Amino acid sequence: MSFLLEIQDLQKVYKNKKALDGVSFSVKEGSCFGLLGPNGAGKSTTMKILTGVLASDGGNISMFGKDALKHRKAILQHIGYVPQDIVLYEKLSAYDNLSFFGKCYGLDGDVLKKRIDDVLKQTGLTDRAKDTVKSYSGGMKRRINIAAALLHNPKLLILDEPTVGIDPQSRNHIFDMIRSLKEQGTTVIYSTHYMEEVEALCDEIAIIDKGEVVTQGTLDYLFTEYGRKAIYMESETSFPTEKLTGIEAVHSHHQGLIIETAAPIDLMEQIIHISKEKKILLHRLEIEKPSLEAVFLSLTGKTLRD
Amino acid sequence: MKNILLKEMKLMFKEKANLIYLIVMPLAFIIIFGTIFNQAGDSTVTVNVTDNDHSAASKTFISQMEKIKGFDVELNNKDVNQQISQIKEGKLNSLIVIPEGFNQQLTSGQNKAKISFYQDAAVSNETASIEAILKNLSNQYRENQIVSTLAKDGKTDDQIKSIMKSPVNIDSVKENSHNVDMMSQMVPGYTVMFAFYIFISVIKRFFTEKESGMISRLQSTGVNPLSYLLGMWIPHFLTIMIQCIVLIGFGHYVYGMHIGSFVGIFLLIVSLAVCGSSLGVALSFIVKNENQGIGMTQFIALGGAMLGGLWFPSNMLPSFAQVIGKFTPQYWAQQGFLDVIVRDIPVTGLWKSFAALIAFGIIGIIVALTRYKAFLRSAVK
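Chain order of the listed sequences is B and C.
According to UniProt numbering, the first sequence is numbered sequentially starting from 1.
According to UniProt numbering, the second sequence is numbered sequentially starting from 1.
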């Protein structure tokens, strides 16, 4: 699989403050690529540079095998950008909004009408197409916000936190849309600070913090490389952890303990043995599921919502 | 560009506030002030008279005053000193007192008959007309005395008429009188004044686009920035055109306001629309926020209306203000409209107004284009 996008050493400075400090990552064609980082990490700035909204202060971007700065206009025809805010004309109907954006992308006539019908079906809003956007719920507005970026069948769809403040039903609808687009071969870059969204949608992830990419790779790679191995246990009475061997760290978590170890199965055997011997009732004993939260904590020393 | 233009027109028609302050408000101003000033011809000046003589001569004097159109004589028997105090306090404008013995002094032939006229100096504009009438009546008494003397000397009526005839005749000719009424001043005045209120609409649209993130989003679609600018600009140009046609048409069809050259009027409207819309766009790119823009609009629209002679003829202003007024687009627009409507000047004679309005428009275009890039940059959140 070839790279559709390659970014090298991207720089952006706002009034003497470095927003991007050498961002580099690559996105494979047909994949869903997650940009994960806390607010202010540089995700939106990166996306705005990719979509031509902002100019970079240094670095190289190659898209579809071309220099993005030299072929900006040609490249933009293949990009769909969904901004973080809902950017629609609230007094116009969804159909009028889509017609307007379609024409901005150079569509017209029957082709435009067909594409509007298609994206309305994708968003599940065909029945409400003639209603003003003002009358929509937050989730419906988000769906039309995405639909407006799909009209020209982009090869690359860039979504900047597209699920902020919406209901679970609309979120699932958006997830289904993204999965469907991916199946059709569209490459997706998805920015979020919700790890569960990245885990649910993305094949590959770049973790960005303070304008730098901290790491990039598949979920498996990140979990293997940076995820801690640990077990979680809850017991009726205090458990003598000093009797356990091969443990690396112990943390209190909810009503139990997280015990980090290189050999979780061996450790679970030890715990079962000691609990029988000391007649300690165990409520829970399980291998901790690897999470991006833990990866992020391990890499940056802070949580995503810090 | 067509796409942006059509979208913008749709949004403008859906914005009811535009209809109110661009069409309904000026129409209301024209109707209300038109009605008020059209009644002005029926207004009268009240003349307070105290007759302390109660003679045939004093009654003749009062009846002569009553015959004069526009003067409403109010005869009273109040105490004169009390009424003079009222004048000092500003409660009464003026008072004519015919003193006791007026008849006797008039018939004595010694030219001692006297009428007192008390007036509040603070309202001398209002009382000046009464004073002028009194002097005129005094002259009439003098003429009557001369006629009587000539008759006693045995002069015939024809000889007396010839002697009394003034050596100078004033021939008063009112040019353009068929075109002049309150509406011919008021309709173009309010049309020009409210044309500049388009600034508010332009500023609101650009700042809404900027703050909603629409400008950023459209940049990602590859829309040409110049097409975007024209698409946002032209609807406001068309709005001023529609606004002016509606208001001038209203004056013509409802109030019978004379319209001279239709081509002249149309080209003036086009020039005004170029000027108003381009200055509005320029202002949008200069101000930092919508509130600042609305404040500037009030300053430009109202200040220009006063200095440009939209509310009253500019020659009533102090000379320095008249000079400043000539640097406002409102002045040239109003002069152009008055040239066509009142003076019946053909289209070729309106070139000064066209040139001035288009020049202001070009200044607006240059400023707008100079500031456009900075505005687009500031629109990226």
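Heads up, the beta-carbon is just placed ideally off N, CA and C, and yes, glycines get one too.
Given the structure is predicted, the values throughout are model-derived calculations rather than measurements.
Separation of residue j from residue i, as counted between CA atoms
| i | j | result |
| --- | --- | --- |
| Ala17 of chain C | Val202 of chain C | 13 Å |
| residue 351 of chain B | Leu150 of chain B | Any question about residue 351 of chain B goes unanswered here, given that chain B covers just 1 to 306. |
| Trp351 of chain C | Met182 of chain C | 25 Å |
| Cys202 of chain B | Ile79 of chain B | 19 Å |
| Ser137 of chain B | Ile287 of chain B | 41 Å |
| Gly30 of chain B | Gly185 of chain B | 5 Å |
| Asn16 of chain B | Ser56 of chain B | 14 Å |
| Leu226 of chain C | Ile362 of chain C | 16 Å |
| Met257 of chain C | Leu247 of chain C | 11 Å |
| Gln119 of chain C | Glu74 of chain C | 15 Å |
| Lys114 of chain C | Phe312 of chain C | 40 Å |
| Thr245 of chain B | Gly34 of chain B | 38 Å |
| Ile75 of chain B | Met63 of chain B | 7 Å |
| Cys244 of chain C | Phe250 of chain C | 10 Å |
| Val13 of chain B | Asp209 of chain B | 15 Å |
| Ile207 of chain B | Leu36 of chain B | 5 Å |
| Val214 of chain B | Asp21 of chain B | 11 Å |
| Leu310 of chain C | Gln298 of chain C | 15 Å |
| Glu293 of chain B | Phe175 of chain B | 21 Å |
| Gly102 of chain B | Ala195 of chain C | 34 Å |
| Thr156 of chain C | Asn76 of chain C | 42 Å |
| Ala68 of chain B | Leu4 of chain B | 11 Å |
| Tyr226 of chain B | Ile49 of chain B | 29 Å |
| Ile258 of chain B | Thr241 of chain B | 11 Å |
| Gln122 of chain B | Leu222 of chain B | 33 Å |
| Glu90 of chain B | Thr348 of chain C | 47 Å |
| Ala200 of chain B | Ser191 of chain B | 13 Å |
Cross-strand partners of residue i (DSSP beta bridge)
| i | result |
| --- | --- |
| Cys244 of chain C | DSSP output for Cys244 of chain C lists no bridge partner at all. |
| Thr215 of chain B | B:Ile207 |
| Ala230 of chain B | B:Glu260 |
| Lys18 of chain B | B:Val13 |
| Arg284 of chain B | B:Glu234 |
| Leu5 of chain B | B:Val27 and B:Met63 |
| Val250 of chain B | B:Ile259 |
| Thr192 of chain B | B:Leu36 |
| Thr187 of chain B | B:Leu156 |
Supposed contact pair residue j and residue i - C-beta distance, whole angstroms, cut 8 Å
| i | j | result |
| --- | --- | --- |
| Thr187 of chain B | Val27 of chain B | 6 Å |
| Asp79 of chain C | Val45 of chain C | Not really, about 23 Å apart at Cβ, beyond 8 Å. |
| Leu307 of chain C | Gly325 of chain C | 4 Å |
| Glu260 of chain B | Arg228 of chain B | 5 Å |
| Ala305 of chain C | Gln330 of chain C | 6 Å |
| Ile30 of chain C | Tyr253 of chain C | Going by Cβ atoms, the distance from Ile30 of chain C to Tyr253 of chain C rounds to 12 Å, so no, they are not a contact pair. |
| Ser94 of chain C | Thr60 of chain C | Not a contact, Cβ separation roughly 21 Å. |
| Met195 of chain B | Ser44 of chain B | The Cβ separation is near 18 Å, so there is no contact. |
| His173 of chain B | Ser235 of chain B | Rounded, the Cβ-Cβ distance is 43 Å, inconsistent with contact. |
| Ile116 of chain B | Tyr95 of chain B | 6 Å |
| Ser58 of chain C | Ile98 of chain C | 5 Å |
| Leu88 of chain B | Asn145 of chain B | 6 Å |
| Thr51 of chain B | Ile158 of chain B | 6 Å |
| Ser284 of chain C | Gly293 of chain C | 7 Å |
Min CB distance residue i to chain D below 8 Å
| i | result |
| --- | --- |
| Val380 of chain C | As a matter of chain content, chain D is missing from the structure shown, whose protein chains are B and C. |
Interface residues of the region 33-54 of chain B facing chain C [CB-CB below 8 Å]: So the list reads Lys48, Thr51, Gly52, Val53 and Leu54, given in the order they occur along the chain.
Interface positions of the region 207-219 of chain C facing chain B (Cβ-Cβ less than 7 Å), listed along the chain: Per Cβ criterion, the list reads Ser212, Gly213, Met214, Ser216, Arg217, Leu218 and Gln219.
Segments assigned beta strand (DSSP E), at least 3 residues, entirely inside the region 57-85 of chain B: Taken in chain order, the complete beta strand (DSSP E) segments of 3 residues or longer contained in the region 57-85 of chain B are 58-63 and 79-82.
Contact residues within the region 61-80 of chain C, judged by C-beta distance below 7 Å to chain B: Listed in chain order, the positions of the region 61-80 of chain C with a beta carbon within less than 7 Å of a beta carbon of chain B would be empty, since no residue qualifies.
Residues within the region 287-299 of chain C neighbouring chain B, beta-carbon criterion of under 8 Å: Residues passing the 8 Å Cβ filter: none.
Any beta strand (DSSP E) of 3 or more consecutive residues that is wholly inside the region 201-287 of chain C: If only uninterrupted beta strand (DSSP E) runs of at least 3 residues are considered, none is enclosed by the region 201-287 of chain C.
Sequence ranges, alpha helix (DSSP H) only - wholly within the region 94-179 of chain B, length at least 4: Correct list: 94-104, 109-123 and 138-147.
Proximal residues, the region 85-101 of chain B versus chain C, C-beta separation under 8 Å: Listed in sequence order: Asp85, Val87, Tyr89, Lys91, Leu92, Asp96, Phe100 and Phe101.
Completely contained alpha helix (DSSP H) runs for the region 68-118 of chain C, where each covers 4 or more residues: Fully enclosed alpha helix (DSSP H) runs of 4 or longer: 80-88 and 102-107.
Those runs of the beta strand (DSSP E) which lie wholly inside the region 32-59 of chain B and span at least 3 residues: The beta strand (DSSP E) runs of length 3 or more contained entirely in the region 32-59 of chain B are, from start to end of the chain, 32-36.
Within 8 Å of chain C by C-beta, residues of the region 145-166 of chain B in sequence order: Residues: none.
Under 9 Å (Cβ pairs) to chain B, residues found in the region 16-31 of chain C: Listed by position along the chain: nothing, the set is empty.
Segments of 3+ residues assigned as beta strand (DSSP E) that fall wholly inside the region 7-72 of chain C: Within the region 7-72 of chain C, complete beta strand (DSSP E) segments of at least 3 residues are found at 45-51, given in chain order.
Against chain C: residues of the region 104-134 of chain B by CB proximity under 7 Å: For the region 104-134 of chain B, the set of positions with a beta-carbon nearer than 7 Å to some beta-carbon of chain C reads Cys104 and Tyr105 in chain order.
Near-chain C residues of the region 59-75 of chain B - C-beta to any C-beta below 7 Å: The residues in question are Lys73.
Members of the region 185-211 of chain B that neighbour chain C once the beta carbon cut-off is set at 8 Å: So nothing in the stretch comes that close.
Contact residues within the region 218-238 of chain C, judged by C-beta distance below 8 Å to chain B: Correct list: Leu218, Gln219, Ser220, Thr221, Gly222 and Val223.
Residues from the region 91-116 of chain C in contact with chain B, defined by Cβ distance under 7 Å: From the region 91-116 of chain C, no residue has a Cβ closer than 7 Å to chain B.
Uninterrupted alpha helix (DSSP H) stretches inside the region 335-372 of chain C (no shorter than 4 residues): None, since the region 335-372 of chain C contains no complete alpha helix (DSSP H) of that length.
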